[in-house]
Amino acid sequence: MEIKDVIDALEAKGCQPQETGPDQWKARCPAHEDENPSLSVRLVDGKIRLKCFGPCEDTEVYDVLGLKYTRTTGRTGPKRNKPKTPGPLPAGKNKTHYIYRDRQGQIVGAVVRTDKPHVIKKDGKPDKDFHQYRYVGDGKYIAETFEAPRPLYQLQLVDARRGSVVVVEGEKCAEAAARHWPKKAVVCWPGGTDTWRYADWNPLRGRDVVLVADEDSGGRKAMAGIGNLLHAMDCKVEIVLPAGDTKNDIDDWIKAGTATETIRKLKAPFEPDPEQPSADQIRANQHYRILGLVGNLVAVRLGNGRVEQITRSRLCSPNELISLAPERFWYALRGTESLSPIVARSIGDGLIREADRMGQVNLANVLGRGAARLPDGTVVFHLGDRILRDGKDTDLEKVPGIWQAEPPIAMAAPADSEIVVRARDAILAYRWRDPVDGKRFLGWLAAAVAGGAMDWRPHLLLAGQAGTGKSWLIQHVLERLLGPLLENYDDVTPAAIATDIAGASLPVIIDEAEPTENRAQRLQQIMELFRSASGGGTRARADGRGGVRKERLRFSGMLAMTVSPWMSAPDATRLCQVRFGPPVESWPNVARNIRAALDHADGIRARLITEVGKIADNAREVALEIQSEGKDTRQSLVTAALTAGYWFWCQAEEDEVKGYTESTEADDAIDALMLILGIPIRRAGAPETNLSEMVRTAENATTIAEAYGVKFETGNLYVWTGSKGLQGALAKTAIGRSDLRELLLQIDGAKMHPNPLHFGSYKKRAVIIPANVLAANGIDLNWSEKGQQSAFNE
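Numbering follows the numbering used here, with no gaps: position 489 of the sequence shown is 489.
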């Protein structure tokens, strides 16, 4: 791209670029309402440099111009993404510091003015520039534009000095006027003439205000806009509008001794825009139409039928809102509420909501989907054709999902009890290793739908040999029952998954999740997402403007894999494992029964959504009941979630479901033991395992376990047997997660040996599991291999 392409694009947009020197131009910025040229265009060392002296990033300017952002256009990313080092404000004889404070007088930032007496503008006045700094404490600042809503300068005077508030343009004028009228609160906004929309005017709500414009068209237009805004905020507004174009301001009048007389002669009551329509007219207005999101651009159709694009990050900017609908419509729509960016997100939300109400856009992917518990305790579900708002958890700017129209989820009539019972029984007849695994699966299926509304979200590990039907279950059961309420992935990166699921609460399924060595990092990142989602953790993401936002993860997940023991131990307090048995001859008949039962999947889905609030509340009750019995809090939450989910399937027959998972903790503990030891603990009747195979398997276990954040050394793993047929194993304590030891201790009769044990140079603790517990679970530790450690007897 050449510099000529930029200039031509600016001319096509009506930005009137003017050459100011060799390879230098000035133009009106196309990315915001720009009365005076605030966009600088330069060619430096063969690279194009754009700089808006208003609120816009160069990437936003390129987006509006429809030009591709490449290396030859300068920086490869937004300027705000560059690291900044806190420090004092820059000093110099031509620099003036304007310190910004909040209403309590605390420093929030500063503006540094640099006068350039050797550079004379066309109006005969010396040039100057301004830079904003954010205060970070300890007398240090970071060079960074104030985030909206931007504070007013001398805001601390507004409450201290009662009476009318004087609004002027520029910090120099504000200080001069405050000295001239020491009993008046005099304020201004940061930035140029056109940036008044980004200021927080709410502190002036209901006050008497005098607006004093500079002697030019830009100043008069800015004060007229502020007047409309303050009038809508119940302010009594008077305005001083000098008619000339000398560019003089109140500071010049004070120096000339004419300030008081000029204001007295020109001051008049402010007359708001008489063309403001009624609220009914704004709702009938078809001026804007949101088409959807294309990359990072929001496509909109204006009233003249023309389609334009704006950056998504600036959708909530008042300037952009007004470009979508005329300013007067927004005053009518918002009533007496400020158009200031203090309500930017709610204004943006209002725009989207109004478009949705008018049938112009479907918000299936905008504001989060799935179940959620609102701050008032209400549980709601987003069906794809209506908006879900979730207080602090989800707002317009925090959801990275694609904004696109999707058909509403079709719901059949609610399923009756007979249909639910038939589907439940058919699924329980699947090839589960144990009937309780089928109950866990059904419990997860229902609890996952309500996951966003629950205090704790359980995850499920679906384990079984290759060819036993894991993928069939996902495709023919989960997808049939949940349909568009399900996020299903096969082979995708963790970053892509995180982008899709952040802020949403739909169940997440990941098939083919075997932790092979070359996928270790990927699976570790996926498990980090699962761990965070268990308790509603947050994930930090760049917001595209140099800042960081936090997105809440509220989904319940399922992993399907062939390896069974590796997952349950490091995540046993949040992840429940279910296993398949071997293939059975009756499998075709079972499959036919399941398909027949799922013919009414839409009805079951409708009933699931109807019962979402009950499922979430039931989980809370079960959790409190289990905790009152003194059981581990985290494990009881998983039990409660699965129990509450299974309750959905059993309520038609009023089955008792509480506690149906309580007998399975020993199984989970044995899986934990298998991971700790890193060896295939032999089930009764299995072939004899030799020592070399144990070591080889332990080395493989290290690679797999580290993928899930569990670290141990194969040289530190021991198994004991002896004349009394023990009964125990030695586990390293520093395995990265105390959850493992705590899980083992949940077994009836298990305990941690109180004394450290010494084997060679290693200092360890012993975990003791009674022989009867092992025997009851089909575990045999009585090997007699040469080289094995001698027995450790309690």
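Every residue gets a Cβ at the ideal spot worked out from N, C-alpha and C, and that includes glycine.
Remember, it's a predicted structure, so these values are computed and weren't measured experimentally.
- A residue is called buried once 16 or more other Cβ atoms fall within 10 Å of its Cβ, and threonine 246, having fewer, is exposed.
- When DSSP states are grouped into helix, strand and coil, glycine 21 belongs to the strand group.
- Arginine 205 sits in coil when the DSSP states are folded into three classes, being neither helix nor strand.
- Nearest neighbour of leucine 523 by Cα position, chosen from Leu553, Asp208, Ala560, turns out to be Ala560.
- Sequence-distant partners of alanine 453 (beyond 5 residues in either direction) whose C-beta falls short of 6 Å from its own C-beta, in its chain, are Ala371, Ala372, Arg373, Val379, Ala616.
- In the same chain as glycine 87, and ignoring 5 residues on each side of it, the C-beta atoms closer than 6 Å to its own belong to Lys140, in chain order.
- By the criterion of at least three beta-carbon pairs nearer than 8 Å, the segment 186 to 195 is in contact with the segment 158 to 167.
- Where lysine 95 is concerned, the enclosing beta strand (DSSP E) starts and stops at 95 to 101.
- In summary, histidine 118 is exposed, with fewer than 16 beta-carbon neighbours lying within 10 Å of its beta-carbon over all protein chains present.
- Residue range 171 to 180 is occupied by the alpha helix (DSSP H) that includes cysteine 173.
- Here proline 507 carries a coil assignment [DSSP, helix/strand/coil].
- Using a 10 angstroms sphere on the CB of leucine 442, the tally of other CB atoms reaches 16 or more, which defines it as buried.
- Annotation: asparagine 593 to glutamine 577 spans about 25 Å, alpha carbon to alpha carbon.
- For phenylalanine 441, the enclosing alpha helix (DSSP H) begins and ends at 435 to 449.
- Arginine 150 and glutamate 171 have their C-alpha atoms some 14 Å from each other.
- Going by beta carbons, aspartate 251 and alanine 176 fall inside the 9 Å limit.
- Comparing C-alpha distances from asparagine 618 to each of Leu637, Ile604, Arg605, Asp602 shows the shortest one belongs to Leu637.
- Classified as buried, glutamate 215 has 16 or more neighbouring CB atoms from the shown chains inside 10 Å of its CB.
- In this structure valine 590 is in contact with tyrosine 430, their Cβ atoms being roughly 6 Å apart against a cut-off of 8 Å.
- With 16 or more other Cβ atoms from the protein chains shown falling within 10 Å of its own Cβ, isoleucine 609 counts as buried.
- Taking 9 Å as the cut-off, the Cβ atoms of glycine 109 and tyrosine 133 count as close.
- By DSSP's assignment, alanine 143 forms a beta bridge with Tyr133.
- Between aspartate 416 and the set Ile142, Glu611, Ala447, the nearest pair of CA atoms involves Glu611.
- Spanning the alpha carbons of threonine 114 and glycine 377 requires a straight line of approximately 54 Å.
- Rounded to whole angstroms, the separation of the alpha carbons of isoleucine 48 and cysteine 29 is 16 Å.
- Excluding residues up to 5 positions away in sequence, Trp25 lie with their Cβ nearer than 7 Å to the Cβ of glutamate 19 in the same chain.
- The beta-carbon distance between leucine 642 and tryptophan 432, rounded to whole angstroms, is 14 Å. This is too long to meet the 8 Å contact definition.
- Residue Ile509 holds the alpha-carbon nearest to the alpha-carbon of glutamate 479 among Ile509, Thr468, Gln465, Ala450.
- The three-state reading of DSSP puts tyrosine 646 in helix, counting H, G and I together.
- In this structure, valine 237 and leucine 230 form a Cβ contact; the two beta carbons are roughly 5 Å apart against a cut-off of 8 Å.
- Inclusion of leucine 461 and leucine 575 in the CB contact set at 9 Å is warranted, their separation being smaller than that value.
- As computed with DSSP, glutamate 238 is found in a beta bridge with Val210, Pro269.
- Residue burial annotation: serine 505 is buried, with at least 16 other C-beta atoms found within 10 angstroms of its C-beta.
- CA-to-CA, the gap between serine 556 and aspartate 455 works out to about 12 Å.
- In the DSSP assignment, aspartate 115 falls within the unbroken beta strand (DSSP E) covering 107 to 120.
- Per the coordinates, the alpha-carbon of alanine 450 lies some 17 Å from the alpha-carbon of proline 414.
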